[in-house]
Amino acid sequence: MIKEEARGRFESRAAVPGHFQQGGKPSPMDRVRALRMALKCIQHMESFFGRSGESIAADPMSSVVIGIKGSEVVFGPMAGADGRGGLEETDTDWVHRRPKSDFWMGLKELVDTLSGRPGEDHDGVLRMAEDEGWGAYAPMDPCHFTE
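Here you go:
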């Protein structure tokens, strides 16, 4: 419709934002998690009410990442008190855009057996060739699409 209205004066193309490509409609659980996280975020921001800018800037919990560990909604500092050692350095695999350790790694041998994968070393260390597993997926730029 936009192309027709343009009458050659400008070009229009369809683009799908990256977060829509990752799964369709949110499930009821997604909606409940979003609500729980939103409430926790508001409570966290309210905890800084009345404090000075200097004390907030000095608090490592003033810059956090929200997530779920087990059944709890938790915050993790982006950096430690010295500006280092937070989630960015200790828990994040930036190359593959995922956590460095996953809760399910203790079940890897069982998963491999059930999925019919050939035998691997099962000492709790993930060993995959660069062209398989998560390493096979290059980080996607949600703003760049090819047809």
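Heads up, the sequence shown is in full-length UniProt numbering, so the first residue is 1 and it goes up one at a time.
For glycine and all other residues, C-beta sits at the position ideal for the given N, C-alpha and C.
{"Item": "Same chain, Cβ closer than 8 angstroms to cysteine 41, five either side skipped, listed in chain order", "Value": "Ile66"}
{"Item": "Whole-angstrom C-beta distance between glycine 76 and valine 64, which should lie under 8 angstroms", "Value": "6 angstroms"}
{"Item": "Three-state secondary structure (DSSP) of glutamate 5", "Value": "helix"}
{"Item": "Residue environment, glycine 86, which counts as buried when at least 16 other CB atoms sit within 10 Å", "Value": "buried"}
{"Item": "Short Cβ contact (9 angstroms threshold) for alanine 38 with proline 26", "Value": "no"}
{"Item": "Residue(s) in a DSSP beta bridge with isoleucine 66", "Value": "Phe75"}
{"Item": "Same chain only: Cβ atoms within 7 angstroms of glycine 36, ignoring 5 sequence neighbours per side", "Value": "Reading off the sequence, residue 36 comes out as arginine, not glycine. Here the set comprises Val73."}
{"Item": "Where aspartate 30 falls: helix, strand or coil (DSSP)", "Value": "helix"}
{"Item": "Nearest-angstrom Cα separation, counted from phenylalanine 49 out to serine 55", "Value": "11 angstroms"}
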